[in-house]
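Everything on this sheet refers to the single structure shown next.
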Amino acid sequence: MTTPFDFPNLKNHWHYRQKGCRRRFGCAITAMIVFLLILCGLLALAIRTAQAAETIPLSVILIIDNSHSVFTETDPDGLRFTAARLFLTALGIHEDADRHQAGLIFFGSQAETAVSLHTLAPTATHQYDHFLTSLSSATAMGWTNPVAALSLAREQLVHSGDLGIANGRSAILLLTDGKPEWRDNPTASETEAYMADLLAEGEQLAQANITLFTILLRGSHPDNDDVLAPWLPIWQTISRNTPSGQLWQIEQPNLLPSLYHDLLTTLTQQQTAGAVVQTALAEESAQQFPFLVPDDLANMTLMIQKSNPQQQLLIRPEHGEPLTAVSPTIRHHSQTNGTEEFWQIELPTPGLWQIDVTGSGQITVWEDYELLPTVTATMIPTTIPVSPTALAPHLPPFTVAISPTMTTTPPMPTASATRVVVPSIHSTQTPAPQQAAAPTLPKPSRWLWLLLPFLVVVAAVYGWQRHQARPLAAVSGTLFILSGGDTSTERQQIELDTFKKPAVTIGQAPADIALIGATATLTIQLDTTLNEMPIMRVSGDDGIQLNGRFLTQPMSLHDNAHLLIPPNYTVRYENLRLRAIQRNWQINPKQ
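And the structure:
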């Protein structure tokens with residue numbers, strides 16, 4: 002019989018209750034974590050839906066000149082089809098592919114629709130195969146009648162807008178050798194009449210707010226200038242009179258893939274670092290090409306064009322395994338025995354990546370990306386915000402510079418390649434009276450009480466971190482020299498705490514850390530002026546880069562940052578302690 006003073010049984014009873022409490026507490030914590038994961042997923046879905054609602058749909062038609070002169074003289078190797086395939090495939094793996102649509106028109110003596118306007122979403126595989134089949138089976142079509150092709154494309158784009166399919170931007174990419182022909186030796190009056198028809202078609206494109214990008218594939222024949230002279234002003238007029246329209250003249254068809262890539266990044270409103278690899282390989286052995294991935298990318302797309310389908314590529318993040326398509330954050334597309342390959346990576350790991358190429362042949366890799374959104378606190382607007390489409394008339398015209406050196410094998414781009422922001426194309430159409438409502442989130446008062454246990458745990462963890470993280474009095478952290486100089490400096494590790502100084506210099510002698518052959522010097526300095534919160538700042542000479550951007554003024558230096566010091570030093574900075582201290586200061590800064 003158990004009495005109130007039966008201490009052994011009472012003790013066992015207490016341990017039993019304690020064990021049950023622990024079990025229930027563990028279950029509660031597990032349930033809370035599951036709830037938070039679901040909540041985060043819903044929030045991410047709402048944010049993604051809101052971003053998708055802001056994406057302006059794109060309808061684009063590619064018009065390709067398949068006249069006899071293009072097939073036999075200007076582009077006998079069919080590189081125009083390679084460029085079109087690259088454009089359409091890249092548009093198909095874009096994250097907003099289901100909101101965009103594309104079409105394909107061939108023309109010669111007449112114009113015909115090879116593929117009607119249709120989405121290139123991953124589910125539309127039949128339509129994508131139709132594009133590939135049409136591009137691979139095109140034949141010569143006689144004379145050159147661009148008016149018929151432009152008229153057919155305009156009718157399809159206007160019709161898609163009437164059906165409510167597009168309700169956004171419309172564009173035409175026209176490739177031609179420049180001189181319309183409909184018979185041998187036309188009379189002067191016939192030529193003037195055709196010129197008038199071409200100008201009239203251009204006016205209708207402008208009235209329909211359809212952007213016209215015209216690419217004149219001139220060829221290298223010395224008589225081409227005289228042949229194109231009467232038509233060139235007309236092409237310039239009808240292109241530039243459309244919203245953000247433009248005209249390009251190129252002599253060699255091998256420039257077409259790069260030009261189509263630049264047009265794609267413009268139409269999809271992406272930014273680009275350009276070609277991070279562009280070279281011809283003569284050896285079968287593997288070769289490595291590094292490129293830098295900054296820490297502020299929402300996603301990154303690698304577009305790869307190979308002259309040899311047997312070339313093999315491995316893409317390696319810094320300190321990581323080669324990319325595979327099994328990850329839910331990675332999209333990959335390639336064709337068997339194909340010459341194009343595409344990788345799209347969400348939230349790519351920052352650092353010095355590497356592309357391993359095995360096999361001979363010409364290869365080009367373009368790196369395109371979207372930056373993470375910058376979150377700023379703003380007041381709730383009391384007026385209707387101005388639509389971006391209303392600002393279109395004030396935007397500068399879209400331009401793409403094609404370097405003449407691209408006709409030869411260019412020098413190997415380095416990891417310090419400058420990132421180029423390509424202007425975006427905006428429609429000048431009047432916005433629809435009714436806009437889709439933005440997704441709404443539940444009021445905090447409905448679920449805040451569910452987060453109270455989590456907030457208590459977070460407060461306890463942050464309090465412990467604040468207790469552990471002591472204020473800094475000097476520069477701290479670790480530098481890893483990843484590459485540059487002689488072999489003795491590779492992978493060298495330098496502890497900045499040992500200097501016990503508020504500022505440490507690295508680079509050209511007589512710096513605190515002298516690098517052999519360095520031609521510039523940077524300074525890492527402790528800064529506590531921002532509400533007394535410790536921050537590492539870095540400044541330096543011209544040519545120094547921080548995370549792929551040139552260091553033109555003092556900037557904050559964060560954990561896992563990458564520094565490039567001329568001529569060829571790559572340095573990584575790590576400081577987990579500083580990160581913990583900064584987090585503590587953000588929670589409870591000194592007053």
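Residue numbers (the numbering used here): 2 to 592.
All C-beta atoms, glycine included, are put in the ideal place defined by N, C-alpha and C.
If you're wondering where the values come from, they're calculated on a predicted model, not measured in any experiment.
Same chain, Cβ closer than 7 Å to residue i, neighbours up to 5 away in sequence not counted
i    : result
P310 : N338, G339 and T340
E74  : G220
T520 : Q509, P567 and P568
F132 : L89, L105 and V116
R155 : Q205, L206, A209 and I211
E496 : T479
F107 : I65, N67, E113, A115, A139 and M142
Sequence-distant residues of the same chain with beta carbon closer than 6 Å to residue i, five excluded per side
i    : result
H333 : A326 and W344
T145 : S68, P181 and E182
F72  : A141
T408 : Annotation note: pLDDT 34 at T408 (below 50); position unreliable, coordinate value reported separately. Once the five neighbours on either side are set aside, the close Cβ partners of T408 are Q253.
I216 : L176 and W249
V572 : L480, I482 and L564
Q526 : A504 and R538
P349 : V294, L298 and M301
S308 : G362 and Q363
F290 : V278 and I356
E342 : I305 and S335
Spatial distance of residue i from residue j (CA atoms)
i    : j    : result
S259 : L265 : 10 Å
W249 : L577 : 51 Å
L136 : A189 : 36 Å
L564 : P244 : 41 Å
P158 : R86  : Residue identity differs from the one stated: residue 158 is Leu in this sequence, not Pro. Cα to Cα, L158 sits roughly 21 Å from R86.
D369 : M304 : 8 Å
K501 : L480 : 15 Å
Q430 : N210 : Unreliable positioning characterises Q430 in this predicted model, as indicated by a pLDDT of 39, which lies under 50. The coordinate reading is nonetheless provided below. Taking the straight line from one Cα to the other gives about 6 Å.
F292 : T31  : 41 Å
L547 : A562 : 7 Å
A274 : W367 : 7 Å
I381 : A112 : Note that I381 scores 46 on pLDDT, short of 50, meaning its location in the model is unreliable; the coordinates nonetheless yield the value given after this. Taking the straight line joining both Cα atoms gives about 52 Å.
T280 : V358 : 11 Å
V401 : Q271 : With a pLDDT of only 43 at V401, under the threshold of 50, the placement of this residue in the model should not be trusted; the figure read from the coordinates follows. Computed Cα separation, rounded: 14 Å.
E347 : P323 : 15 Å
L229 : I251 : 13 Å
L373 : L298 : 5 Å
A149 : E371 : 38 Å
L442 : F36  : Because the pLDDT at L442 is just 38, under 50, the model does not fix this residue reliably, and the point stays unresolved.
R170 : S161 : 11 Å
I536 : L314 : 40 Å
V278 : Q355 : 10 Å
L63  : I331 : 28 Å
L353 : D528 : 28 Å
G179 : H95  : 31 Å
Span of the alpha helix (DSSP H), counted from its first residue to its last, around residue i
i    : result
H262 : L257 to L268
L552 : L552 -> no alpha helix (DSSP H), and no H or E assigned at all.
L87  : L80 to I94
T302 : T302 -> not in any alpha helix (DSSP H); beta strand (DSSP E) instead, spanning L298 to K307.
T571 : Where T571 is concerned, there is no enclosing alpha helix (DSSP H), although the beta strand (DSSP E) it sits in stretches over Y570 to E575.
Q237 : L233 to R241
Residue range of the unbroken beta strand (DSSP E) whose run includes residue i
i    : result
T524 : T522 to D528
F107 : Q102 to F108
L282 : Q272 to L282
S60  : L59 to D66
G203 : Here G203 belongs to no beta strand (DSSP E); instead the alpha helix (DSSP H) covers A189 to Q208.
L176 : R170 to T177
P291 : Q288 to V294
V228 : Here V228 belongs to no beta strand (DSSP E); instead the alpha helix (DSSP H) covers N225 to L229.
T330 : Unbroken run through T330: none, as it is neither H nor E.
G541 : I536 to G541
Q313 : Q313 to R317
F72  : Looking at the DSSP string, F72 is not in any beta strand (DSSP E), and its letter there is neither H nor E.
Sequence-distant residues of its chain with Cβ nearer than 8 Å to residue i (five each side left out)
i    : result
L200 : I235, T238 and I239
P412 : Low confidence applies here, because P412 scores a pLDDT of 37, under 50, leaving its location unreliable; read the following figure in that light. Contacts found: none.
Q592 : Unreliable placement is indicated for Q592, whose pLDDT of 42 sits below 50; no coordinate value is reported for it.
Whole-angstrom C-beta distance between residue j and residue i, which should lie under 8 Å
i    : j    : result
G541 : L516 : Wrong, their Cβ atoms sit about 12 Å apart, outside the cutoff.
L176 : D66  : 6 Å
E575 : G478 : 6 Å
P351 : D296 : 4 Å
- Message: Could you tell me which whole beta strand (DSSP E) segments of length 3 or greater appear in the segment 114–149?
- Response: none
- Message: As an exercise, report each continuous alpha helix (DSSP H) stretch of at least 4 residues that is fully enclosed by the segment 332–370, in chain order.
- Response: none
- Task: Tell me the start and end of each unbroken beta strand (DSSP E) in the segment 473–513 that is at least 3 residues and wholly inside, in chain order.
- Result: 479–484, 493–496 and 504–508
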